[in-house]
Structures are given as structure tokens and as C-alpha cells.
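S.K.: Below is one structure. I have some questions about it.
Residue numbers (this note's numbering): 2 to 240.
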């Protein structure tokens, strides 16, 4: 799993937002289209009530479509690499319009990566974003088409409280496409408890003997969605 984690943070830090031209996002808009900069498009979208006012809020991931960011790949993997930046926007519905609540340009991975050219799009298999039970969930999956059998799933759960989108849960699931061996870690930041499950196997009932251990941990404060970066994510994965 360490191999996948190293890839994850190298790809984010190397080029995820290497571009200097960050589009300006308006604070309010009559509809979703009002928040989409010219040359960008919506690639994932979720709707639901995040702030308990019975109005349908929106969470969207948008991506630049600049052809200059689709580059030739001379290494293993696909022939071209799309490194166009992506952005997360959380929009709260208010009477007659939407209001920008959160904008994050540092935590949404690009489709491809110039460092790990065999890495699949981390958002493609998971659907990237969901709103369930009033919480916002970001889901990433990391796996390589060459060089590794490991698959790792990262789920981040945020809830609107204290007038912020705060990180209340973090789950990591990892398994081998070769052996089926599986480990799962689930962290609850509200209760300061985490569970670690090992000994599982996705392919064999005979060897599937998961064992879960619960632990308490210290954490100074809840992180917010707008401050999430690769550095914070790395700290979480090392807990």
C-alpha cells in the first residue's frame, strides 16, 4: 500500500495544479452554469441537502479542457496523458440562486500523471463524489495498469457543521489483484477512534479471516474541505 500512497502524493504535488492561470469563481450564481469558467466542463456532480435547510445543494467537480494539457506519452501507459486541472465546488442552494461554499483546487487528482504514466484515472471507477445522509463523500481509487497489482480506495467524508465542511471520516481499503489479500482502515475523527482490519481475502473464503482491532488516537482539530491538500492527506494515510 505504501507504493500506491507514494504515487498518490507525487502525482498531486508534481503537476496537479502546475498551471498559474486559476479561473475566478463567482460567489453566487443563478444556476450551476454560472460557476463554470470558460473552457471548463462538469465531469462529476452530486445533489443533496448538506446544511439541513431542505434545499438541494450541489457538489461538482469541473475540469479544464485546454488541449495544451493533453500531452504525448513516450513511456508505458496510454499514448496521451490528460493533465488538465480539476476543481471541486460546493454550492449551497439559497432562495433564487446558489452560493459558493467551498472551492478546492489542491485536492482533486488529474486524469493522468506524467510521473506514474500507468496510473488509471483515480475518479473513473468510484464516481468521485456523492452526497449521502447529509454528508459529502469524495472517493478515489488508485491502481496501475503496469508495475503493481495493488488497488487502494480512499474515501473522505465531510459534514457541514460549525459553519464549515469538516472532515469527520477517512477510510482506506487496499487489496491485491493477484492474491486477493485485503486490509481496511476506518478513521472516525468525531469519536477519535479508528479500526484496522487485516487478514481478509477477496478471492478465497478459506483464507478470508479478517481481524479488526480498534484504537483511540489524538487529533487536534477537524480539518475542513477548503484546506485539504496533499500534505494533509499524507498525514491521514500515515496515522
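Backbone N, C-alpha and C fix where the C-beta goes; we use that ideal spot for every residue, glycine too.
In the DSSP assignment, find the beta strand (DSSP E) that holds residue 175 and state where it starts and stops.
M.R.: Start and end: 165–177.
S.K.: Going by CA-CA distance only, name the one from 28, 219 and 198 that's closest to residue 103.
M.R.: It is 28 whose Cα lies nearest to the Cα of residue 103.
S.K.: Tell me the residue span of the beta strand (DSSP E) that contains residue 224.
M.R.: Here residue 224 belongs to no beta strand (DSSP E), and DSSP marks it neither H nor E.
S.K.: Which residue comes first and which comes last in the alpha helix (DSSP H) that contains residue 236?
M.R.: Taken as a continuous stretch (DSSP letters only), the alpha helix (DSSP H) holding residue 236 covers 231–238.
S.K.: Kindly give me the distance between the Cβ atoms of residue 91 and residue 166, rounded to whole angstroms, as I take these residues to be in contact under 8 Å.
M.R.: Residue 91 to residue 166, Cβ: 6 Å. Contact.
S.K.: Find out if the Cβ-Cβ distance for the pair residue 74, residue 118 is shorter than 8 Å.
M.R.: In this structure, residue 118 lies closer than 8 Å to residue 74 by Cβ.
S.K.: Let me check one thing: in DSSP terms, what residues is residue 103 bridge-paired to?
M.R.: Looking at the DSSP assignment, residue 103 forms a beta bridge with 91.
S.K.: Within the chosen definition, does the segment 46–53 reach the segment 75–89 through at least 3 CB pairs nearer than 8 Å?
M.R.: Segments in contact, no.
S.K.: On the DSSP letters alone, give me the boundaries of the beta strand (DSSP E) that residue 131 sits inside.
M.R.: Run containing residue 131: 130–133, per the beta strand (DSSP E) assignment.
S.K.: With DSSP as the reference, label residue 190 as helix, strand or coil.
M.R.: The answer is coil: DSSP assigns residue 190 none of H, G, I, E or B.
S.K.: Quick check on the burial criterion: 16 or more other C-beta atoms within 10 angstroms. Buried or exposed for residue 211?
M.R.: Exposed, since its Cβ has fewer than 16 Cβ neighbours within 10 Å.
S.K.: Are residue 33 and residue 62 closer than 8 Å when you measure CB to CB?
M.R.: No.
S.K.: Report yes if the C-beta distance between residue 190 and residue 173 is below 8 Å; otherwise report no.
M.R.: No.
S.K.: I need the straight-line Cα distance from residue 141 to residue 122, nearest angstrom please.
M.R.: Straight-line Cα distance between these residues: approximately 9 Å.
S.K.: Please report the distance separating the alpha-carbon of residue 128 from that of residue 138.
M.R.: Straight-line Cα distance between these residues: approximately 10 Å.
S.K.: What are the boundary residues of the beta strand (DSSP E) that includes residue 213?
M.R.: It spans 212–217 - the beta strand (DSSP E) in which residue 213 sits, taken as one unbroken run.
S.K.: Nearest to residue 81 by CA position, among 70, 87 and 89, is which residue?
M.R.: Selected option, being the one with the closest Cα: 70.
S.K.: Which of the three DSSP states is assigned to residue 36 in this structure?
M.R.: Residue state, collapsed to three classes: helix.
S.K.: Using the Cβ count rule (16 or more neighbours within 10 Å means buried), how would you classify residue 178?
M.R.: With fewer than 16 Cβ atoms within 10 Å of its Cβ, residue 178 is classed as exposed.
S.K.: Taking a contact to mean a Cβ-Cβ separation below 8 Å, would you say residue 31 touches residue 98 in this structure?
M.R.: Closer than 8 Å, so yes.
S.K.: Measuring only between beta-carbons, confirm whether residue 38 sits less than 8 Å from chain B.
M.R.: No chain B appears in the structure shown, which is made up of a single protein chain.
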